[in-house]
């Protein structure tokens, strides 16, 4: 039975982690910290957990996290980098669901996240937790940088063609749409119901923090720097990411076969039949990424459609997938829910 | 391993039954019938089931339902009553998720459902599948009339005060609000997104088919006929029922204690602390009914709030709960999902 | 051309007032104040107004409100009562869209709003701006207390039967459902999209501030104190209120005729044909209140359904209706938009 | 006073046309036809119109359309081409809101719409009703092909750069998102609330009927055939189109100045300041198209964001704009509503 600690946990990533871990047969949550909610029952805070978790939020100082086998950081950016070292030194393995360890080039990270990094050496050590690329490294990692929600859907969509080197790598386009939970549980005007409902908009077109993360991953896959235009949009739905990807083919290829081969054996990537259009609800509440590949009108532009649940494969589910891999558990344990449709 | 048959199954009750049974460790779906979709893979029809069910819809004639241990009817009203007898005669137990066996007075049923009943004797035999009332009878039943979605939420909310005889039984009021999935998957104008979104309306105020069903249950609990005003409303959400119940107290009582005592030990009824307001999302995807009791401004009118997921406790989940009871399985088996929030 | 001032105006009531007044042929907005947004163009703040209003938010000190013909307060509770007197003294007429002047009994107001009242004498003078009751008094009023959103829909629904004295006045029940814009534009967790979407809940069952306001209006109509149970609910839609009202009839009456007669000639109250169910979208963006009356199953409980747009007839539209009356303009001027459906 | 006829009118384009024309000071609707609803009051069918239109749907045979000044076809594809000639011969001007006259190459039309065309000569005569391109021709046209919803938003977004010849014309990409009302009022499974809510998907990636229409318009603007990848998506909102357009710049240019100059004087095209992100709700219920231009990270890919209300500028509003132009009325008459936000 793994002893689990969670730092933060009052946001959507946190409650999703709790939902999954509450049903995990090999995990027991020992402590969940929140300065602000210390003393409050987790199930009083999140009524969906009533009867399933008797835990209370506790003050970080009293959490005893160093006695856990693994600690998840479901915190804002900049927290995990302050606390990871002491946990690692105590032999605790760490998964950061925020961005602190995602970007290998610390200068780039500091520019996009507008902070000084507290521990560049740990950035170097951290493994980027996308199992479809790094499964073997994850197994023995002490510190996992869990990928962002957009980067997961976008990279899984691009990887086969970028790895195969059959597209113009300087002009990748990712038009991505996210449900509003991706913006977090902190109250802000633009994510109010009366602002975001019955509405659609792009945001961050000049530059979004997930751009360097995606570019890093795809450049690594391509073996050279790639050029990427990334446009995120806010969609009036709670969960889900839909990435529509456009690539210019530089040589002919059987795209369908390429995708099916690349993801054969992957438990959480589902390549749809030719001609299909994945829907975000077909993965709601699940750790799946469903992908379809198109070549409209037989032209040289291919269109790849990739959908995930931003809170599961895009956050908490992928974190538990990484945990399962790290501890030699069946990779799908406790994250094999059938999606909730309708 | 129970051998399961499903008649119908292309609607929302059907896909929810499939979602639950696909994860049930003691059940195997042997056949699912649909005349219209015969030959189509269930997972091609409902993409959420890709990778989880390899079954195809089959023609009823070729389904071999009489070899099943139990058959669920997830059909329109009027189908189960045609087919139940031959299955029962073959030793198969039957759960009807439609209304065919819910109303004991066949004359009333025929008036509200505008059909002649095909087998009044089976109506007499059928057990109304609300475990919180009929658990013992369900255990040995051959034929279960699975309750309607509104009747489940409304009856569970009213039962403690009606059984206790502390309210005016002639003037019960149930103001109920349902998500749109309650109207089914058949395309109709009024349930189109562009009609039902950003909109709220009452319907069926002069009379709704669930009125006699609720009245029957509450009359039985009261030991005398009750008077009920039932007003259903359509709410722009996918799943969920919220029943707001109004009763006139005829004597003083500790309502909170009454409810907690009535439902102590019930695995799927959660009485919230005094002063609480249950949300439909706190039961989304789960078999739970959460209830709160109020007595506003200390008056003689009590307000009871009761929420369920109409497709789970209001349909497929309750059906599986009944199945678990009928076959001596743990009652919560495969229907103990933590609700999906947000 | 009326010279208009607006105090506050960065909330939903404010933008709705701006939408209406920007199209009003006899009104010119001279100043709109906001300490926080002073210097920002109104159309930069609310992009829907681009090209229609060149005004900027200004500091209250520089607004010159005393030179206006009328000033609207679209502010939080407790502001208008601080500033109304000096405007009135300068000969400016005032409409408060908040609650400062709605409750005649200052003690009750102070209890529910948890503030000391700054000017009880003005409360005594203020006219409650529900034209369907007070049209004549509104004409000559200096100070209007514009009704709340729930109180408008609920009172218009109850008035005919309460005035006629044909219902039990001690046991009125109002089950009301509101769109999320009714909670305002201030960022709070419970009105985030990811909290309020696909969800339904009651709130404030023990007591909501609109309870004493409604009770005051109905008591006045009844000529004696009434007993009211008022349960508000949050519905996942942007605009709209749906009030479902329950009354016990104490004598027989032709309710349909009663309602049609009571509201004959009212430009903004539409009594639907017998058997109808009004939808909130049928009044979206308009100043209308649509009402239907039912007597289900011929019992002694009548059900009245009343819908409004909470931001129009429930706030800004009614305020402009009051202004039109006060200045002898056609009552429907600039508030006669056809509802936006779908 | 223009005498107006409407053929069809039970769909969303129809009710929007009625909303606008009911408030048009120079138009009187003489007849609206519907075989199916003949005899039903328009305001009984669309409750938003109660009190504003006393008209009934009538049988086409009794409509007397030939006595109108102008007839709108708000019908499915393939109807207007059957009936337009006799109206034109009678001196009636015609605006078809469907696709019958949009594509000049009849062979292409017949391929995409899977019908034989009834009157190719009228196709040749018809003017494509996008005033921002064809204002002068519209003035004297007898027959207007009113543009599709996607083509309006997409063409207005692309036009300035395509006309200027500063982008690679072979690789235009249009990633477009539509509200569900764009799919019409006919009941179909995929547009049910419980299917389309809380969900996002692409559709028609292999080929959508609006592709040839957009390609025709842009080829004309470019003076040579263009290559276009067009991917439409269904978004869980009622109204609105958001087009995200990607172009490869072939020479440097001040895009902001180019767009502002191109649309200077256009009453319904609003070029936002540099760096802006238009929201669909900022045009809800209005005839506006708002556009913003970006060049992310200073690369050679420009991103243009274009939003419209699909039922107004994308259908009924643009039709009335065309009518106003054809009859020498002020172009903005009756279509200058301030958008409804929130």
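Residue numbers (the UniProt record's numbering), protein chains in the order written: chain A, 1 to 342; chain B, 1 to 342; chain C, 1 to 342; chain D, 1 to 342.
Beta carbons: idealized from backbone N, C-alpha and C, even for Gly.
Residue state for residue 93(A) is assigned as strand, using DSSP reduced to three classes.
Not flagged as an interface residue toward chain A: residue 335(B), since no C-beta distance is shorter than 9 Å. A distance below 7 Å between beta-carbons, with the five flanking residues on each side excluded, links residue 211(B) to the following residues of its chain, in chain order: 228 and 230. The three-state reading of DSSP puts residue 116(A) in coil, since its state is none of H, G, I, E or B. Put simply, the backbone Cα of residue 107(B) is about 43 Å away from that of residue 54(B).
Within the segment 187–201 of chain A, the residues whose Cβ lies closer than 7 Å to some Cβ of chain C are 187, 188, 189, 191, 192, 193, 194, 196, 197 and 198, listed in chain order.
Between the segment 49–63 of chain D and the segment 323–330 of chain C, the count of C-beta pairs closer than 8 Å stays below three; the two stretches do not touch. For residue 22(A), the chain B residues whose Cβ falls inside 7 Å of its Cβ are 338, in order along the chain.
Sixteen is the threshold: since fewer than 16 other Cβ atoms of the shown chains lie within 10 Å of the Cβ of residue 225(D), the residue is exposed. Residue 35(A) and residue 60(A) have their C-alpha atoms some 7 Å from each other.
Residue 145(B) is not a Cβ neighbour of residue 158(B), given a cutoff of 9 Å. Under the Cβ distance rule, residue 238(D) counts among the residues neighbouring chain B, one pair being separated by less than 9 Å. Only residues of its own chain outside the window of five on either side were considered, and among them 115 have a CB closer than 6 Å to the CB of residue 78(C), listed in chain order.
At least one beta carbon of chain A lies nearer than 9 Å to the beta carbon of residue 46(B). Exclusion of the five residues before and after residue 233(B) leaves 175, 176, 177, 178, 200, 201, 202 and 203 as the residues of its chain whose Cβ lies within less than 8 Å of its Cβ. Within the UniProt domain "Semialdehyde dehydrogenase NAD-binding" (3–141) of chain C, 12 place their CB atoms closer than 9 Å to a CB of chain A, listed in sequence order. In the three-state DSSP reduction, residue 288(D) falls in the coil class, being neither helix nor strand. Contact annotation: residue 28(B) and residue 94(B) have beta-carbon atoms that are not nearer than 9 Å.
Among the residues of chain B, none has a CB under 7 Å from the CB of residue 286(D); the nearest is roughly 17 Å distant. As a beta-bridge residue in DSSP terms, residue 233(A) pairs with 177(A) and 202(A). Taking the Cα positions, residue 129(C) is about 46 Å away from residue 164(B). The C-beta of residue 307(C) comes closer than 9 Å to at least one C-beta of chain B. Any Cβ of chain B closer than 9 Å to the Cβ of residue 327(C) would place that residue at the interface, and such an atom is absent.
Closest option to residue 326(C), judged by alpha-carbon separation, among 257(C), 135(C) and 244(C): 135(C). Proximity of residue 173(D) to chain A, defined by a Cβ-Cβ separation below 9 Å, is satisfied. The segment 183–196 of chain A makes contact with the segment 182–189 of chain C, as at least three CB pairs between them are under 8 Å. Short of 7 Å from the beta carbon of residue 266(C), and not among the five residues preceding or following it, lie these beta carbons of its own chain, in chain order: 132. Membership of residue 242(D) in the beta strand (DSSP E) is indicated by the continuous run 241–248. At a cut-off of 9 Å between beta carbons, residue 270(B) contacts chain A. Counting other Cβ atoms within 10 Å of its Cβ, residue 67(D) stays below 16 and is therefore classed as exposed. Scanning chain A for C-beta atoms nearer than 7 Å to the C-beta of residue 203(D) yields 277, reported in chain order. Residue pairing of residue 293(B) in beta bridges, as defined by DSSP: 304(B). Distance from the Cα of residue 299(B) is smallest, within the candidate group 269(B), 290(B), 322(B) and 253(B), for 253(B). As a beta-bridge residue in DSSP terms, residue 279(A) pairs with 201(D).
Assignment of residue 42(D) by DSSP, reduced to helix, strand and coil, places it in the helix class. Taking 9 Å as the cut-off, the beta carbon of residue 288(C) is found closer than this to the beta carbon of residue 339(C).
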